[in-house]
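Numbering (our numbering), first residue to last: 6 to 202. The structure appears below as structure tokens.
Next comes the structure, spelled out in structure tokens:
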């Protein structure tokens, strides 16, 4: 700026403003072409452009200096302390993680086992009902003429212990086999003949 005040300006403030807009790229394409044509005829416009370039360079240099402000660096000094072994901590963490995973696996396997026992219980109930109906059918065939069926429906059936034992043995042997139950359901004879081992 001191150079600008020492020299005699050969351009006006309007010319300098136009030159600064040209250097900053603020003029439209038509205005830029018109300004370039004016620079061809006027050395004062060329000097205004040169001064605008110097000014913008000085502003850019100052903004770069302002951007690189030094900030104090804080260094943290730690007191000398004996360090513990990190491998011991990580080993404990790994063991704890493995134990948690095994516990979770145990809980899941117990839950899945209880779901299959519910299905087996349902199957045992169906098998027991088939066995009771087969036994009741064989029993009522002998007395069908004398007894009204409506009266027998109102009374609970007294299932003998040997029949409950047969159902329990069938469940313990193989829950998927229905051979004994199918044979018992088809056999409408006496109760002694309905139990197959």
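No residue lacks a Cβ here, since even glycine has one placed at the ideal position from N, Cα and C. Here the structure is a predicted model, which is why all the values come from computation and not from measurement.
Whole-angstrom distance between residue j and residue i, CA atom to CA atom
{"i": "residue 62", "j": "residue 94", "result": "59 angstroms"}
{"i": "residue 69", "j": "residue 17", "result": "30 angstroms"}
{"i": "residue 44", "j": "residue 34", "result": "15 angstroms"}
{"i": "residue 103", "j": "residue 112", "result": "14 angstroms"}
{"i": "residue 52", "j": "residue 67", "result": "23 angstroms"}
{"i": "residue 36", "j": "residue 25", "result": "13 angstroms"}
{"i": "residue 166", "j": "residue 133", "result": "12 angstroms"}
{"i": "residue 99", "j": "residue 107", "result": "12 angstroms"}
{"i": "residue 101", "j": "residue 115", "result": "21 angstroms"}
{"i": "residue 30", "j": "residue 78", "result": "40 angstroms"}
{"i": "residue 170", "j": "residue 97", "result": "53 angstroms"}
{"i": "residue 139", "j": "residue 105", "result": "51 angstroms"}
{"i": "residue 60", "j": "residue 23", "result": "14 angstroms"}
{"i": "residue 131", "j": "residue 174", "result": "15 angstroms"}
{"i": "residue 19", "j": "residue 81", "result": "57 angstroms"}
Cβ separation of residue i and residue j, assumed to be a contact under 8 angstroms, to the nearest whole Å
{"i": "residue 32", "j": "residue 40", "result": "6 angstroms"}
{"i": "residue 168", "j": "residue 135", "result": "At roughly 11 angstroms, the Cβ-Cβ gap does not stay under 8 angstroms, so residue 168 and residue 135 are not in contact."}
Heavy atom of the ligand NAP within 7 angstroms of residue i beta-carbon
{"i": "residue 168", "result": "Questions concerning the ligand NAP fall outside what the structure shown contains, since it holds no ligand whatsoever."}
Three-way DSSP call (helix, strand, coil) for residue i in this model
{"i": "residue 93", "result": "helix"}
{"i": "residue 15", "result": "coil"}
{"i": "residue 67", "result": "helix"}
{"i": "residue 56", "result": "helix"}
{"i": "residue 127", "result": "helix"}
{"i": "residue 164", "result": "coil"}
{"i": "residue 173", "result": "helix"}
{"i": "residue 102", "result": "helix"}
{"i": "residue 32", "result": "coil"}
{"i": "residue 138", "result": "helix"}
{"i": "residue 3", "result": "Residue 3 is absent from the structure shown; the chain starts at 6 and stops at 202."}
{"i": "residue 114", "result": "helix"}
{"i": "residue 198", "result": "Bear in mind that the predicted position of residue 198 carries a pLDDT of just 47, short of 50, making it unreliable; the figure below should be weighed with that in mind. Note: residue 198 maps to helix in three-state DSSP."}
{"i": "residue 37", "result": "helix"}
Check whether residue i and residue j have beta carbons under 8 angstroms apart
{"i": "residue 28", "j": "residue 58", "result": "yes"}
{"i": "residue 55", "j": "residue 15", "result": "no"}
{"i": "residue 129", "j": "residue 172", "result": "yes"}
{"i": "residue 109", "j": "residue 141", "result": "no"}
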